[in-house]
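For the sequence shown, the UniProt record's numbering begins at 18 and goes up steadily by one. Glycine is no exception: its CB is placed at the ideal position from the N, C-alpha and C atoms. As the structure is a computational prediction, the values presented were derived from the model and not from experiment.
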Amino acid sequence: CSSMASAAIVEHTFHVQNLTIGRLCNQQVITAVNGSLPGPTIRVHEGDTLIVHVFNKSPYNLTIHWHGIFQILSGWADGPSMVTQCPITPGGKYTYKFKIINQEGTLWWHAHVSWLRATVYGALIIRPRSGQAYPFPKPHKEVPILLGEWWNANVVDVENQALATGGGPNNSDAFTINGRPGDLYPCSQNRTYKLKVQQGKTYLLRIINAALNNQLFFKIANHNLTVVAVDAGYTTPKVTDVVVIAPGQTTDVLLKANQPVGSYYMAAHAYASAPLSFDNTTTTGIIEYEGSNTATPIMPVLPAFNDTPTAHRFYSNLTSLEGCPHWVPVPRHVDEHMFVTVGFSLEPCGTNATCQGQNGQRFSASMNNQSFQLPTSLSMLQAFFYNVNGVYTTDFPNKPPVTFDFTNSSFNNATSLLFAPKVTKVKKIKFNSTVEMVLQNTALITTENHPMHLHGFDFYVLAQGFGNYNKTRDSKKYNLVNPQRRNTIAVPVGGWAVIRFTANNPGVWFMHCHLDVHLPWGLATAFVVENGPTPSTRLPPPPADLPQC
Ligand code: C2O
């Protein structure tokens, strides 16, 4: 790689406030940034410093997370509420400031408290430094495609109602493309997202799944797509007719307008891996060729909702693009081996309530049978920095309390495991140690594909498969040459995935399922990465305006 052009400072101001917008024949109050849905697209170059002044004029506590950003020595700007900061209270403000180093591609930003990210989100696009090129032919145009999820209701109410009943939330009323439901929904036709293309030109679509609770299949009628990056890491170019994308993930594809002049739908609907109730509607946008006079666009045929083989084929066949830019070889030495179950559990309903979870209990979720609870008095990063005890404990286990046939549903009767304790347990690791984690989905309650997101680091996905992970058999399948690099891994339903990363950044880094309903249920933990030996490997003090609890 050649280098090094000068870096810039990019500054934005976010005014976060409630506004009323019309969707699906309904007027709805939402919380939004600078009056738009999705919020503003942030464009930076690798090496730049980003400064965002956030003014919370909404009635809710708020934080903003920069999903996928490494936050090297800037953990105070990461954003998850009660993990790296106390929330910005109504009327308050906080300035997020961080440098974007060694990563480029498509990321995004979103609220990281309650369910506000349903409407508080936007794209964060990192281009190569000036003078540097993409590892693929320069596209004619670049287009963010943000997939979202919409309720004809206040999303904070939807979440609170789900938590109160101990059951799942009401299904959403629509999916959206760039904030718009599209032609197939009522009162939506004249607001459908439209991309005008010129025949023969190539477009870079930066697809982001910002939906709360659904993985999505995405397709464009009659067009193949070439995947060139996922989660801001370049991939070996891969031609596909369908993309599957989990909440938290991004997928960059090249679209060549190589079909007859006409009009084609892009469409997305759920990939629902579990036999649960879900929003089964379809969102559409239109790709319109210049000179087209077609009235009705051609509709693609999306895979069936439960088409796990198609999802798995897409997810597991990606590899990273070796060499520049920002490619790092897979670490070969592992310091910490972890085996972590991910799945559902229960918590007692309590005496006065009727709960809608299994056996009349309240649904919860857990990792290694620990159901994570956020602290309430102080953020974990403040506790780390100031050495305050009692905010979290560092005894998150390296393996589950018992080993059983994880994907056999008859183990649903293992009641001692069903009721996972509510705890704030984290995994403490030494600076620069390499962690390998087997993520194993369990059949307690039901199996489901959980998109597990790690803050602060990208990890390599060494292998994935179905059933119980078997070390002797499965470690032979590890790709240690060019595995895909991600910040969010969709762990196969009733299966497992193995990830590996080097913890070279001190701080507290949240790890959780990116289905928003599973987060308050406790499908989370965190890594506390200790300071390194030199000043440049220690977390600096917090900025003066860090919100206090
Ligand atoms: Cu995109 Cu912790 O989240």
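When DSSP labels each residue in this structure, what does residue i get in the three-state scheme?
i	result
E176	helix
A181	helix
Q387	strand
H350	coil
L164	strand
D95	coil
H157	coil
V377	Note on residue identity: the sequence assigns Gly, not Val, to residue 377. Note: G377 maps to helix in three-state DSSP.
W83	strand
D412	strand
L363	strand
T112	strand
residue 2	A question about residue 2 goes unanswered here, because the residues of the chain that appear run from 18 up to 566.
F295	coil
F421	coil
Q88	coil
P76	coil
T327	helix
H62	strand
Look at the Cβ atom of residue i, then the Cβ atom of residue j, and state whether they are nearer than 8 angstroms.
i	j	result
R223	T123	yes
K236	P317	yes
L540	S383	yes
residue 11	Q565	Residue 11 is absent from the structure shown; the chain starts at 18 and stops at 566.
Q45	K74	no
W513	V455	yes
S131	D296	no
L319	V244	no
I86	K114	no
P161	A140	yes
A312	S388	no
G196	L54	yes
F402	L563	no
L461	G360	yes
V175	W168	yes
H129	H82	yes
By how many angstroms is the C-alpha of residue j removed from the C-alpha of residue i?
i	j	result
K416	R144	40 angstroms
T441	M283	42 angstroms
Q378	G183	7 angstroms
G473	V345	16 angstroms
N449	V546	8 angstroms
V510	E364	23 angstroms
S433	V357	17 angstroms
G475	T554	Reading off the sequence shown, one finds Asp at residue 475, where the question assumed Gly. Each residue's Cα considered, the two are about 18 angstroms apart.
L395	T106	14 angstroms
A49	Y495	43 angstroms
I59	L272	22 angstroms
V214	I89	39 angstroms
P198	A150	35 angstroms
T66	N376	51 angstroms
Q373	G185	8 angstroms
T219	A246	16 angstroms
N485	T420	11 angstroms
P97	V173	17 angstroms
H62	Y409	37 angstroms
T519	P348	7 angstroms
N521	P550	12 angstroms
For residue i, which residues from the same chain have a beta carbon less than 8 angstroms from its beta carbon, with the 5 sequence-adjacent residues on both sides left out?
i	result
L164	F192, T193, I194, I224, I225, N226, A227, A228, L233, F235, I262, A285 and T300
L180	P537
A291	T463, T464, E465, N466 and V510
C18	Because the pLDDT of C18 is 38, which lies under 50, any placement of that residue in the model is unreliable, and the question is left without a value.
Between which residues of its own chain and residue i is the CB-CB distance below 7 angstroms, once the five residues before and five after are set aside?
i	result
P152	Y251 and L338
T531	The sequence shown places His at residue 531, rather than the Thr named in the question. Within the same chain, H531 has close Cβ partners A263, P264, G265, P468, H470 and T505.
A543	V100, M397, V443, V525, W526, F527 and M528
V498	none
C204	L41 and C42
D200	Q206, T209 and T301
Q276	N239 and H240
G52	L36
Identify the residues that DSSP records as bridge partners of residue i: which are they?
i	result
L471	M528
M283	I237 and G302
G122	I143
F544	K444 and W526
E465	Partner(s): none; E465 has no beta bridge.
T48	N35
L556	DSSP output for L556 lists no bridge partner at all.
Within its chain, find whatever has a CB closer than 6 angstroms to the CB of residue i; leave out the 5 residues flanking it on each side and keep chain order.
i	result
Y288	Q232, F234, V261 and A328
P314	S280, Y281, Y282 and I303
K439	S388 and Q390
E28	I68
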